[in-house]
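Novice: First, the structure itself, so that you have it in front of you.
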Ligand code: HEM
Ligand code: HEM
Ligand code: SF4
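Residue numbers (the numbering used here), protein chains in the order written: chain H, 1 to 356; chain D, 357 to 570.
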C-alpha cells in the first residue's frame with residue numbers, strides 16, 4: 001500500500017483528507033468504489049507530473065476557487081499530486097528566477113500545461129504581456145512542448161468575457177490557437193475544483209485523458225445537462241414556476257425557468273457535485289443557471305433573467321425581444337394582406353370582372 | 357364559354373406531405389409558445405397534470421410528423437413527378453424567369469395576364485423552397501435540443517449553432533416565419549382560387565387542376 005502518511009506527501013494532509021479527496025474525484029468520474037484504491041495508489045506513488053500554469057486575460061477566479069475551496073484537503077491534495085513548477089499566483093520565485101524555472105521545465109522535462117485566461121490576438125497581441133512577451137508568443141513557445149493542455153475556466157476554453165461582443169482585444173481560447181496537442185477544456189466561471197482534480201487523477205491512474213465531448217470537455221463532468229439533474233425539475237414538468245424573484249413561488253422553491261434559468265441549455269455537473277462543501281449551487285439558493293460552461297455564454301445566455309437573447313438589428317441600434325420583432329412583422333404582413341385584398345376588390349368594383 | 361381539362365398535378369405523397377406539414381405546424385407553434393412561456397403556471401394545480409411535460413410531449417410527436425413530412429418533400433424534390441421536382445420551380449430557365457415576372461406583375465395588379473402552368477408558379481415555388489430550408493433548420497435545431505447528449509446531434513449542433521441556447525434562439529425566431537408564411541399562403545391560395553378558374557384549393561385535396569383546353 002502506498003505511503004499516504006508522511007513521506008511523499010504534505011504532512012498537513014492527513015490520511016482521512018487524502019482518501020476523502022480521492023473518493024470525491026472517483027465519484028465525480030463515475031468510477032465504482034472498487035477503483036478508489038487504484039486512484040489512491042496512483043496519487044500517492046506515481047511520479048508527480050510537472051505542471052506549468054499560465055495566466056493570461058483572466059481574473060484569477062479559477063485559481064482562487066481551486067485554492068480556497070473551503071475544504072483545504074482538496075487544494076492540498078491537488079498541490080501534492082502535481083509538481084507546480086510555474087504558477088504566478090502561488091510560486092515562491094519571482095522575476096528572472098521565475099522565468100528561469102519556466103524555461104528549465106519547458107526545455108528539459110515533459111509537463112502538462114494548464115492555461116487560465118483568454119489570449120488576445122488583436123494588434124499583435126499587445127493587450128496581454130508578461131515579462132515583455134505577448135500571451136500569443138508565450139503560448140506558442142510553451143504549448144508545442146506540452147504533453148497535454150488543460151484549459152481551465154471558460155476564458156481559456158472559449159474566450160470568456162473578454163471575447164464577448166464586440167471582443168475589443170480579439171480574445172480567443174487555447175483551442176483556437178493550438179493544434180496537434182490533446183486539449184481538455186474545463187470551462188465554468190469558475191469551474192468546480194473537483195472536475196479539475198478528477199481530470200488529473202484520471203490521467204495519473206489510467207495514463208490517458210478522460211473521454212471528451214465535442215467541445216473537448218470531459219464527459220464525466222460535462223456529459224449531462226444541468227436541467228436533467230436539477231432538484232427543481234419536478235416543478236418544471238408539473239408547471240410550477242417562479243414569476244419574479246422574491247415572489248411567493250420563489251419562496252416555495254419552484255423552477256426558475258421563467259426568470260431565465262439556462263439549465264436546459266447548459267452542460268455541467270453542478271447539481272451533482274455542488275460547491276463549497278456545503279452542498280450548494282446557484283439553483284439551490286434560488287438563482288437560475290447562467291450557462292457559464294458554454295461557448296459564447298456572455299453573448300447567447302444574456303439577458304440572464306430572460307429565456308432568450310434579444311434580437312439586434314445591425315446598423316439600426318435596435319435591440320428588441322424576439323417575440324416583439326415577430327409580432328411586428330406578422331402584424332405588418334397581415335396589414336399588407338388586407339391592403340392587397342382591398343386594392344383587388346376596389347379594382348374589380350371599378351373595372352368589373354374580366355370575362356372568361 | 358371556355359372549356360377546361362382536368363389534369364393530374366399532385367401525387368398522393370405530395371398531398372400527404374402537405375397535410376402532415378400544415379397540421380403538425382399548428383401543433384408545433386401552439387406548444388412552442390407554451391414551452392417558451394408556460395403561462396398556466398399553477399392555475400391547473402391539483403388536477404392530474406404535467407402541463408409542461410405534456411406540451412413538450414405533444415411538441416415532439418408533432419415534430420416527428422413534421423420531420424417525416426420534410427423527408428417526404430426532400431424525396432419528391434428529387435424523385436417526384438414533373439411538377440414536384442425542384443427543377444420545375446428554380447428560376448433558371450427563360451420560361452421560369454418569365455413566369456416569375458408575370459406572377460409579380462399579376463400580384464401587384466399591374467397586369468391581368470396569368471401565365472398558365474400546371475405546377476406552382478415560380479414565386480410560390482421559391483417561397484415553398486425557402487420554407488423547406490427553414491423546416492430543415494427547425495429539424496436540425498430541434499433534434500439538437502431533443503438529444504443533446506447524443507454524439508451525432510451534438511457534433512452537428514455544435515458545428516452549426518455553437519451552443520444549445522443559440523439553437524433555441526434560432527428555433528424560436530424561425531417559428532415566426534412559419535406563421536408569416538401561413539398568413540400569406542392562405543391569402544394567396546384564396547386570391548388565386550377567386551381569380552383563376554384552375555381550382556387551386558381543391559387541388560391540394562384531389563391532386564387535380566383545371567386548365568384551359570388547348
Ligand atoms: C415549424 C416547426 C417548429 C416550430 C414552430 C417549433 C417551435 C418551438 C418553440 C417556439 C419552442 C420554444 C423555444 C423557446 O422559446 O424556448 C420549441 C422548443 C423545442 N422544439 Fe420545436 N418547433 C418546431 C419543430 C421542431 C422539431 C422538428 C423538433 C425536433 C425534435 C423540435 C424540438 C424542440 C425541442 C426539443 C424544444 C425544446 C423544448 C425544451 O427543451 O423544453 N421542434 N419549438
Ligand atoms: C387550410 C389551410 C391550407 C390550405 C387550404 C392550403 C392549400 C394549399 C394549396 C392549394 C397548395 C398548392 C398551391 C400551389 O400550387 O402553389 C399548397 C401548397 C403548400 N402549402 Fe398549403 N394550405 C394550407 C395550409 C398550409 C400551412 C399551414 C402550411 C405551412 C405553414 C402550408 C404549406 C404549404 C407548402 C409548403 C406548400 C407547397 C407544397 C410543395 O412543396 O409543393 N399550407 N397549400
Ligand atoms: S431551475 Fe433551471 S435547471 Fe432546474 S428545472 Fe428549472 S429550468 Fe431546469
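Built from N, CA and C at the ideal position, the CB exists for glycine as well.
1. Go ahead and pull the three-state DSSP assignment for residue 356/H.
2. Is residue 385/D helix, strand or coil when you go by DSSP?
3. If you follow the alpha helix (DSSP H) that residue 209/H is in, where does it begin and where does it stop?
4. Measure the CB-CB distance between residue 309/H and residue 303/H and report whether it falls below 9 angstroms.
5. Chain D partners of residue 330/H, CB-CB under 8 angstroms?
6. Specify the secondary structure class of residue 463/D as computed by DSSP and reduced to three states.
7. Quick one: residues in its chain with C-beta nearer than 7 angstroms to the C-beta of residue 156/H, no 5 flanking neighbours on either side, listed in chain order?
8. Listing by chain order, which chain D residues have their CB less than 7 angstroms from the CB of residue 199/H?
9. Express the C-alpha separation of residue 276/H and residue 49/H in angstroms, rounding to a whole number.
10. Considering just the uninterrupted stretch of the beta strand (DSSP E) at residue 113/H, what are its terminal residues?
11. Can you list the residues near ligand 3, meaning Cβ strictly closer than 7 angstroms to any non-hydrogen atom, in the order they appear in the chain?
12. Should residue 440/D be labelled buried (16 or more other beta-carbon atoms within 10 Å of its own) or exposed?
13. Report yes or no: is there a C-beta of chain H within less than 9 angstroms of the C-beta of residue 448/D?
14. Give me the chain D residues within the contact set of residue 300/H, using Cβ-Cβ distance strictly less than 8 angstroms, ordered along the chain.
15. Within the chosen definition, does the region 29-47 of chain H reach the region 286-295 of chain H through at least 3 CB pairs nearer than 8 angstroms?
16. Is there a Cβ from chain H that is less than 9 angstroms from the Cβ of residue 514/D?
17. Short of 7 angstroms Cβ to Cβ, which residues in the region 435-465 of chain D face chain H?
18. So, is the C-beta of residue 243/H closer than 9 angstroms to a C-beta in chain C?
19. With a threshold of 9 angstroms between beta carbons, is residue 467/D in contact with chain H?
20. Report, in whole angstroms, the separation of the C-beta atoms of residue 199/H and residue 210/H, which I expect to be a contact under 8 angstroms.
21. Return the CA-CA distance between residue 22/H and residue 84/H, expressed in angstroms with no decimal places.
22. For residue 534/D, which three-state DSSP category applies?
23. Whole angstroms is fine: what's the gap from residue 59/H's alpha carbon to residue 88/H's?
24. Quick one: give me the first and last residue of the beta strand (DSSP E) that residue 345/H is part of.
25. On the DSSP bridge list, what partners appear for residue 92/H?
26. For a test of your reading of the model: does the CB of residue 499/D fall under 8 angstroms from any non-hydrogen atom of ligand 1? Yes or no.
27. Taking Cβ to Cβ, would you say residue 529/D is nearer than 9 angstroms to residue 106/H?
28. Taking just the CA atoms, how far does residue 31/H sit from residue 79/H?
29. Which partner residues of residue 312/D appear in the DSSP bridge assignment?
30. Per DSSP, residue 120/H forms a beta bridge with which residues?
31. Using a C-beta to C-beta distance shorter than 7 angstroms, which residues of chain D count as neighbours of residue 333/H?
32. Reducing DSSP to helix, strand and coil, say where residue 476/D ends up.
33. Could you tell me the alpha carbon to alpha carbon distance between residue 202/H and residue 208/H, rounded to whole angstroms?
34. Between the Cα of residue 537/D and the Cα atoms of 555/D, 362/D, 381/D and 406/D, which residue gives the shortest distance?
35. Hey, could you find the ends of the beta strand (DSSP E) residue 361/D is sitting in?
36. As a quick exercise: from 409/D, 443/D and 422/D, pick the residue whose alpha carbon is nearest that of residue 475/D.
Specialist: Reading from the atomic positions:
1. Any reading at residue 356/H needs caution, since the residue's pLDDT is 45, under 50, leaving its predicted position unreliable; the model's value is listed next. Correct three-state label for residue 356/H: coil.
2. helix
3. No alpha helix (DSSP H) contains residue 209/H, which DSSP labels as neither H nor E.
4. yes
5. 532, 535, 536 and 539
6. helix
7. 115, 116, 117, 118, 173 and 174
8. Under the 7 angstroms cutoff, chain D gives no residues; its nearest Cβ is about 19 angstroms from residue 199/H.
9. 27 angstroms
10. 111-116
11. 226/H, 227/H, 230/H, 232/H, 233/H, 235/H, 236/H, 255/H, 256/H, 257/H, 261/H, 263/H, 264/H, 283/H, 288/H and 289/H
12. buried
13. no
14. 518, 519, 521, 522 and 525
15. no
16. yes
17. 465
18. The structure shown contains no chain C; the protein chains it does contain are H and D.
19. no
20. 6 angstroms
21. 19 angstroms
22. helix
23. 13 angstroms
24. Premise fails: residue 345/H lies in the alpha helix (DSSP H), 322-351, not in any beta strand (DSSP E).
25. Note: residue 92/H sits in no beta bridge, so no partner.
26. yes
27. no
28. 22 angstroms
29. Past the edges of chain D, shown from 357 to 570, lies residue 312/D, and the structure says nothing about it.
30. 171/H
31. 536, 539 and 540
32. coil
33. 7 angstroms
34. 381/D
35. 360-364
36. 443/D
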